[in-house]
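Student:
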Amino acid sequence: MRTQEVLCPTDFSSTAAHALKYAVEMANLYHVDIRLLHVTSPARGAHCYGIAVDIPATLENELKAFVDAKMQSLQQEMQQDLTEGLNIKLVVRNGDAIDEILAEAADVGMLVIASHGSSGLADFLKPHVTQDIVKYAKCPVLVVK
């Protein structure tokens with residue numbers, strides 16, 4: 000842990016924002032950098048039946064701009080509380096959240112993740128991301144409520 004980064008996935012929810020504070024504390028404690036991760040989902044039909052839909056390039060560009068702006072904002076907020084000399088690396092991946100988080104966690108010292116993120120019926124119907132991360136991650140995982 001003392002030579003590896005802390006990975007903190009975010010979906011921009013309030014619970015994820017709370018987990019970011021713990022990631023900063025862990026990074027300061029172990030004097031390591033933070034890797035902030037956001038996973039964008041592949042395009043799906045309106046009811047998430049697994050039907051891919053074409054996304055106009057402008058909508059795709061708007062989504063990328065939104066994610067980039069949110070990540071930059073979080074980086075600036077977190078950097079204020081991070082010990083001088085430590086850095087925050089921004090990573091945006093596209094795909095299944097569980098697969099992408101586990102892939103990114105392959106070379107980190109610790110993963111700090113929110114116990115739950117965005118809410119709604121869609122979350123009820125899909126696998127619980129945090130539960131699977133805890134189950135399959137090869138590194139220590141801190142789950143924040």
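Residues 0 to 144, numbered by numbering that gives the first Met the number 0, are exactly what the sequence shown covers, in order. Even for Gly, the Cβ is constructed at its ideal location relative to N, Cα and C.
(1) When you compare each of Gln75, Ser114 and Ala96 to isoleucine 33 by their alpha carbons, which one comes out closest?
(2) Who does proline 8 pair with in a DSSP beta bridge?
(3) Given alanine 96, which residues of its chain have a CB within under 6 Å of its CB, disregarding the five upstream and five downstream residues?
(4) When you compare each of Val133, Tyr135 and Ser114 to leucine 19 by their alpha carbons, which one comes out closest?
(5) Select from Ala56, Asp131 and Ile100 the residue whose C-alpha is nearest the C-alpha of threonine 9.
(6) Considering Cα atoms alone, identify which of Ala136, Leu6, Glu83 and Val91 is closest to alanine 64.
Tutor: By the coordinates alone:
(1) Position 34 of the sequence shown holds residue 33. It is Gln75 whose Cα lies nearest to the Cα of isoleucine 33.
(2) Numbered from its first residue, the sequence shown carries residue 8 at position 9. Note: proline 8 sits in a beta bridge opposite Leu36.
(3) Counted from its first residue, the sequence shown places residue 96 at position 97. Hits under 6 Å: Val38 and Val128.
(4) Against the sequence shown, residue 19 aligns to sequence position 20. Looking at the Cα atoms, Ser114 is the closest of the given residues.
(5) Along the sequence shown, read from residue 1 onward, the residue named residue 9 stands at position 10. The option with the nearest alpha carbon to threonine 9 is Ile100.
(6) Taking the first residue of the sequence shown as position 1, residue 64 is located at position 65. That would be Val91, whose Cα lies nearest to the Cα of alanine 64.
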